[in-house]
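Contents: one structure, followed by commentary.
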Amino acid sequence: MKQYPDIPLLDQDGLHRVPLRFYAVLLLLLRPYLCWLVTLVMPEAERKAVLSFFYPLADDFVRAVLIAIPALLVLAAISQRVPYDKQQRRGRAKKFWFALWRYGRWLLLAVASVDLYWTISHLPPYVALNAPGLLLIVAALGLSVLYLLRSKQLRLIFTEWPEDKK
Numbered sequence: 090m091k092q093y094p095d096i097p098l099l100d101q102d103g104l105h106r107v108p109l110r111f112y113a114v115l116l117l118l119l120r121p122y123l124c125w126l127v128t129l130v131m132p133e134a135e136r137k138a139v140l141s142f143f144y145p146l147a148d149d150f151v152r153a154v155l156i157a158i159p160a161l162l163v164l165a166a167i168s169q170r171v172p173y174d175k176q177q178r179r180g181r182a183k184k185f186w187f188a189l190w191r192y193g194r195w196l197l198l199a200v201a202s203v204d205l206y207w208t209i210s211h212l213p214p215y216v217a218l219n220a221p222g223l224l225l226i227v228a229a230l231g232l233s234v235l236y237l238l239r240s241k242q243l244r245l246i247f248t249e250w251p252e253d254k255k
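Start counting the sequence shown at 90; every next residue gets the next number (my numbering).
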């Protein structure tokens with residue numbers, strides 16, 4: 090096995106580093122919220138047009154937001170994945186967030202699977218001609234499901250939580 094001495098495997102708190110691929114999966118699963126944020130900063134007249142480009146029916150957007158709620162909770166849990174230190178006012182007590190973080194991989198896998206099923210089952214006719222970007226989303230969701238299932242590093246990351254500092 091190759092050794093890479095200049096790439097640390099642990100972060101400053103002694104935990105395994107979260108890979109960038111994991112953040113890419115989070116971005117993919119949280120795309121309804123990102124789309125919502127983008128439309129909020131646009132002028133009032135263009136909001137509906139941009140949102141309807143990504144979600145042709147209003148119900149599709151609402152369903153996508155509801156499907157992505159567990160991914161939003163995992164994002165909140167990863168933000169709390171630092172040791173509690175009262176002097177630096179950093180971190181929170183681990184009871185709730187660690188309980189959520191421990192099952193985060195399975196939550197993300199469920200969200201990715203449901204999102205993949207929903208995206209495939211609601212593809213418009215002639216998707217390759219009318220909306221080829223949706224095919225890229227389907228491929229990315231399929232790869233993210235495989236990544237969440239097969240990654241050994243994610244198994245390690247989801248089992249550890251920092252110890253509180255005294």
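We treat Cβ as the ideally placed atom computed from N, Cα and C, and that holds for glycine. Everything numeric in this text was worked out from a predicted model, so none of it was measured.
- A residue is called buried when at least 16 other Cβ atoms come within 10 angstroms of its Cβ; Asp148 does not meet this threshold and is exposed.
- Here the alpha carbons of Leu245 and Leu232 stand approximately 20 Å from one another.
- With 16 or more neighbouring CB atoms inside 10 Å of its own CB, Pro121 falls in the buried class.
- For Phe187, the enclosing alpha helix (DSSP H) starts and ends at Lys184 to Arg191.
- In this structure, the CA atom of His211 is about 11 Å from the CA atom of Leu146.
- With fewer than three CB-CB distances shorter than 8 Å, the region 235-244 does not count as touching the region 121-133.
- Separation of Phe187 and Leu162 (C-alpha to C-alpha, rounded to the nearest whole angstrom) is 12 Å.
- Listed in chain order, the non-local C-beta contacts of Val154 below 6 Å within the same chain comprise Pro121, local neighbours out to five positions each way being set aside.
- The C-alpha of Val107 is placed about 20 Å away from the C-alpha of Ala199.
- The Cβ-Cβ distance between Thr248 and Arg191 falls below 9 Å.
- With 16 or more other Cβ atoms inside 10 Å of its own Cβ, Tyr144 counts as buried.
- Just so you know, the alpha carbons of Val151 and Ala157 end up roughly 10 Å apart.
- The Cβ-Cβ distance between Leu224 and Ala217 falls below 9 Å.
- Going by DSSP, Ala160 is part of the alpha helix (DSSP H) stretching over Ile158 to Ser168.
- Pairing Gln242 with Glu133, the inter-Cα distance amounts to about 44 Å.
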